[in-house]
Each structure stands twice: as C-alpha cells, then as structure tokens.
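Trainee: Supplied in structure tokens, the structure appears directly below.
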Amino acid sequence: MSSVPLAEGQTPSAIEVRALEKWYGVLPAVHGIDFSLAAGEFLTIFGPNGAGKSTLLRMLCGAVRPTRGEVRIEGESVWKGEGAWRHRIGVLSHQTFLYAGLSASENLEFYARLYGVSERRSRVDRALEEVGLWERRADAVRGFSRGMQQRLALARTLLHDPAVVLLDEPYTGLDPHAAALLRRVLERLKDGRRTVVLVTHNLAQGLELADRVVVQVRGVWVSDEPRAAVSSGHFEQVYYDRVAGAV
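Following the numbering used here, the numbering of the sequence shown begins with 588 at its first residue and continues without gaps.
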C-alpha cells in the first residue's frame, strides 16, 4: 500500500488495513480485508471457529506476517516502520504470556519494566485492583484458575496505557463477577477514547459497547455495519443467516 500524505491538521487512523491476506498453502485464512478505525472507535468482530479472526488480530499486532497487504498503527507501518507503534498497542490473546512461578505483582512489574512504565508500583497496584486481584497480588500465578489468569493477562495488556487495544475472546473462562469487571474495564477504555478491536463469540456482550459490528466467515468480512444499524433483538438470527449464506 502506498502511503497517502495527510492533509494539514489531519490525524492518521488509529488502525488502517489495506488488501490484507494470509494464505497457508492454497487455503486463505484472511482474504481481501480493508478497513480503518478512527481513534476511540470500538469494533467487534464475530464469526464461527476457523473464520480467521485470531489470524487477523495476530497480523494487526505484528505477530504474523501477512501474505499480502499492509497494516498501519497510528500511521506507522507494522512491517516497514521503526517499531514505535509497539508501545502504543496492547494485546490479549489466547495465550496469557504469564510466568507461573512469579506472583501476580511480579508478573506485572516485569512487563512494566519491559514497557518503560513510570511509577511502576502505583500502576501495578491500580491494575490489580481494577481486575479484582489485589488480594491475590502476592500469590504465584501457577495457583490461579483460568479465569484469574485471564484477568491478570488483561491487566498486563493495559498496564502501559495503550492507545490501541486488541482483545481475542477476553470473556473466556470468566465467571459472571469477572465478566462484569471486564465490562467495566471496557467501558473505561471506551470513555477514554481508546481504539478497541474485540473478537468474541458472545453476541450480547460483543454488541454492548460496539460502534461497529463485523461478521467474518472463512477469512472474509461478510457484514460490516455501524452498531446503530444492528438490532440487538434480531442480531442472533441475522448472524446465523450471514454465516449460513457465506458457507
């Protein structure tokens, strides 16, 4: 993708994706995806298993190199830039990237140093409180349930106050209380005009805070609509119709 100069006073999109594709042999995991997100926009991506949603997120954060196309974070190319974008992005993936032998606090302190976070102690303490793990701060992560590890991984994701947040199935393993904590965190991100891409199978939770709703099937966006155009009461049937029509 050639870079188009910005007009005077114009700010770059938080995320810009052009002609993005990822092929494994003759099989397309992601095919021909184009979109941009403005700062503060909240995008939810739905889709069945095997739709390429996780692959898309991994290309957005630079973990997987695309076969074709380009990704820009706040105007900087993920693959051709100098890498400054990495400090402006937070990623929650299926892997928690936590160290089992370290305590919750020690895990966050390690990542705080890695990201050059100032006032590390107060930031770590605040992050633990936000995800409901303050009382377990000194406990080794190996003793945490899957849901607790997910909450700690969320705290790690947001520790350096990223402008762009990518969340891959963040509700996995969460009980109702933890899910409510996550929703409050997402509300804070939205109120703070952070740009969020949320991948989830949960239709109701995915619609709650979205500004834009996408259905992805077999690596292709078969639906891309503003949230205001989506009826919560009828979306489940619309979703299944879109998936069935694309298979």
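For each residue, glycine too, the CB sits at the ideal point set by N, CA and C.
1) Identify every run of the alpha helix (DSSP H) within the stretch 703 to 747, keeping only runs that are complete inside it and at least 4 residues long; order them along the chain.
2) Looking only at its own chain, which residues have a Cβ that is under 6 Å from the Cβ of V809, when we skip the five neighbours before and after it?
3) Helix, strand or coil for D828 per DSSP?
4) Determine which residues share a DSSP beta bridge with F622 and list them.
5) Rounded to the nearest angstrom, what separates N636 and V728 at their Cα positions?
6) By how many angstroms is the C-alpha of G634 removed from the C-alpha of V788?
7) Spatial neighbours of S818 within its chain, please: C-beta separation below 7 Å, excluding the five flanking residues on both sides.
8) Tell me which same chain residues have a C-beta within less than 8 Å of the C-beta of W721, skipping the five on either side of it?
9) Starting from Y611, follow its DSSP beta bridges and name the residues at the other end.
10) Could you say which of R805, L745, A791 lies nearest to F822 if we only look at CA atoms?
11) Quick one: using the 10 Å Cβ neighbour count with 16 as the cut-off for buried, is Y698 buried or exposed?
12) Please look up how many angstroms separate the CB atoms of P749 and I632, rounded, as I've assumed it's under 8 Å.
13) Can Q619 and V807 be called in contact, C-beta distance under 9 Å?
14) What are the boundary residues of the beta strand (DSSP E) that includes P763?
15) According to DSSP, simplified to helix, strand and coil, what is Q682?
16) Check whether the Cβ atoms of L741 and V704 sit closer than 9 Å, and answer yes or no.
17) Between E661 and V751, what straight-line distance do the alpha-carbon atoms span, to the nearest angstrom?
18) Whole-angstrom Cβ separation of A616 and G639, contact assumed at under 8 Å?
19) In or out: H764 buried (at least 16 other Cβ within 10 Å) or exposed?
20) Report the option in V825, F731, L746 whose CA atom is closest to the CA atom of S709.
21) Based on the DSSP secondary-structure assignment, which residues constitute the bridge partners of P813?
Mentor: By the coordinates alone:
1) 707 to 717, 733 to 745
2) For the purposes of this step, residue 809 is identified with residue 222 of the sequence shown, where counting begins at 1. For V809, where only same-chain residues beyond five positions count, the Cβ hits under 6 Å are V802, R829, A833.
3) Walking along the sequence shown from the start, residue 828 turns up at place 241. In this structure, D828 counts as helix in the three-state DSSP scheme.
4) Taking the first residue of the sequence shown as position 1, residue 622 is located at position 35. DSSP, once it has assigned bridges, lists V604 as partnering F622.
5) Residue mapping note: residue 636 aligns to position 49 of the sequence shown, counting from 1. Residue mapping note: residue 728 aligns to position 141 of the sequence shown, counting from 1. When rounded, the distance between both Cα atoms is 29 Å.
6) One-based indexing of the sequence shown puts residue 788 at position 201. One-based indexing of the sequence shown puts residue 634 at position 47. It should be pointed out that residue 788 corresponds to His in this sequence rather than to Val. Going from the Cα of H788 to the Cα of G634 covers about 7 Å.
7) Locating residue 818 in the sequence shown gives position 231, where the first residue counts as 1. Once the five neighbours on either side are set aside, S818 has no close Cβ partner at all.
8) Numbered from its first residue, the sequence shown carries residue 721 at position 134. Closer than 8 Å at Cβ, skipping near neighbours: D712, L715.
9) As a first step, residue 611 must be located in the sequence shown, where it is residue number 24. Beta-bridge pairing links Y611 to L614.
10) The residue you call residue 822 lines up with position 235 of the sequence shown. For the residues R805, L745, A791, the minimum Cα distance to F822 belongs to A791.
11) For the purposes of this step, residue 698 is taken as the residue at position 111 of the sequence shown. The residue in question, Y698, is buried, as its Cβ has 16 or more Cβ neighbours within 10 Å.
12) Counted from its first residue, the sequence shown places residue 749 at position 162. Counted from its first residue, the sequence shown places residue 632 at position 45. In fact, because the Cβ distance is near 18 Å, the residues do not count as touching under 8 Å.
13) As a first step, residue 619 must be located in the sequence shown, where it is residue number 32. As a first step, residue 807 must be located in the sequence shown, where it is residue number 220. The amino acid at residue 619 is misidentified as Gln; the sequence shows Gly. In this structure, V807 lies closer than 9 Å to G619 by Cβ.
14) Looking up residue 763 in the sequence shown gives position 176. That residue, P763, is in no beta strand (DSSP E); its alpha helix (DSSP H) goes 763 to 778.
15) Residue numbering aside, residue 682 sits at position 95 when the sequence shown is read from its first letter. DSSP places Q682 in coil when its eight states are reduced to three.
16) One-based indexing of the sequence shown puts residue 741 at position 154. One-based indexing of the sequence shown puts residue 704 at position 117. Contact: no.
17) By one-based count along the sequence shown, residue 661 stands at place 74. By one-based count along the sequence shown, residue 751 stands at place 164. Roughly 9 Å separates the two Cα atoms.
18) The residue you call residue 616 lines up with position 29 of the sequence shown. The residue you call residue 639 lines up with position 52 of the sequence shown. 4 Å between Cβ atoms; contact.
19) Position 177 of the sequence shown, counted from the first residue, corresponds to residue 764. So H764 ends up on the exposed side.
20) The residue given as residue 709 occupies position 122 in the sequence shown. Per the Cα distances, L746.
21) Here residue 813 refers to the residue found at position 226 when the sequence shown is read from its first residue. Note: P813 sits in a beta bridge opposite R799.
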